[in-house]
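Residue numbers 2 to 129, in the working numbering, belong to the letters of the sequence shown in order.
Glycine included, each C-beta is placed from N, C-alpha and C at the ideal position.
Worksheet for the structure shown next.
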Amino acid sequence: MEKEELAGIYRAYIACLNRQDWPALGQFVHDEVARNARPLGLSGYRAMLEQDFREIPDLQFHIEMLIIDPPRVAARLKFDCTPVGTFLGLAVNGRRVSFCENVFYEFGNDKIRQVWSVIDKTAIEAQL
Numbered sequence: 002m003e004k005e006e007l008a009g010i011y012r013a014y015i016a017c018l019n020r021q022d023w024p025a026l027g028q029f030v031h032d033e034v035a036r037n038a039r040p041l042g043l044s045g046y047r048a049m050l051e052q053d054f055r056e057i058p059d060l061q062f063h064i065e066m067l068i069i070d071p072p073r074v075a076a077r078l079k080f081d082c083t084p085v086g087t088f089l090g091l092a093v094n095g096r097r098v099s100f101c102e103n104v105f106y107e108f109g110n111d112k113i114r115q116v117w118s119v120i121d122k123t124a125i126e127a128q129l
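The structure is reproduced here in structure tokens:
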């Protein structure tokens, strides 16, 4: 897959998340996806994302940095949101916080197969 094609697929995936278009998630995520070496499968991955949106109703994914090296994608995602309760073990309780996530993806058959993610929890702690 070419870089431009993979970048387009990734941007469409982010748009799918922001629309919360869960029926379309399988167009971008492999049935056997794993996150941080934990097998989730598509249904588990979807459940994780749905939970994220329940905990953070105004959640939106913004690509701050994108690096494509097929079959891998590296992204720095920026968030400015208001988690309703506890988030990452922190009592945010509706306060607006800004933070980033550094995430790496490996694609297989044009779909996300592996995800490695680190959220900047220290940035959230500094705002509380």
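{"Item": "Report the three-state DSSP secondary structure of alanine 1 (helix, strand or coil).", "Value": "Nothing about residue 1 can be reported from this structure: the residues present for the chain run from 2 to 129 only."}
{"Item": "Helix, strand or coil for isoleucine 10? Go by DSSP, reduced to three states.", "Value": "helix"}
{"Item": "Using 8 Å as the cut-off, can you tell me whether the region 101-115 makes contact with the region 78-86, which would need three or more C-beta pairs spanning the two stretches below that distance?", "Value": "yes"}
{"Item": "Give the C-beta separation of glutamate 51 and tryptophan 23 to the nearest angstrom, bearing in mind that I take them to be a contact with Cβ-Cβ under 8 Å.", "Value": "7 Å"}
{"Item": "Which value, in whole angstroms, describes the spacing of the CA atoms of glutamine 28 and asparagine 19?", "Value": "15 Å"}
{"Item": "DSSP puts arginine 47 in a beta bridge; with which residues?", "Value": "Its beta-bridge partners do not exist; DSSP assigns none."}
{"Item": "With H, G and I counted as helix, E and B as strand and the rest as coil, what does DSSP make of isoleucine 57?", "Value": "coil"}
{"Item": "Which same chain residues end up closer than 8 Å to leucine 60 when comparing Cβ atoms and leaving out the 5 residues on each side of it in sequence?", "Value": "Asp53, Phe54, Phe80, Cys82"}
{"Item": "Bridge partners of valine 119, per DSSP?", "Value": "Asn103"}
{"Item": "With H, G and I counted as helix, E and B as strand and the rest as coil, what does DSSP make of glycine 109?", "Value": "strand"}
{"Item": "Residue range of the beta strand (DSSP E) that alanine 76 falls in?", "Value": "73-82"}
{"Item": "Tell me the DSSP secondary structure of arginine 20 in three-state form.", "Value": "helix"}
{"Item": "At what residues does the beta strand (DSSP E) containing glutamate 3 begin and finish?", "Value": "No beta strand (DSSP E) holds glutamate 3; DSSP gives it neither H nor E."}
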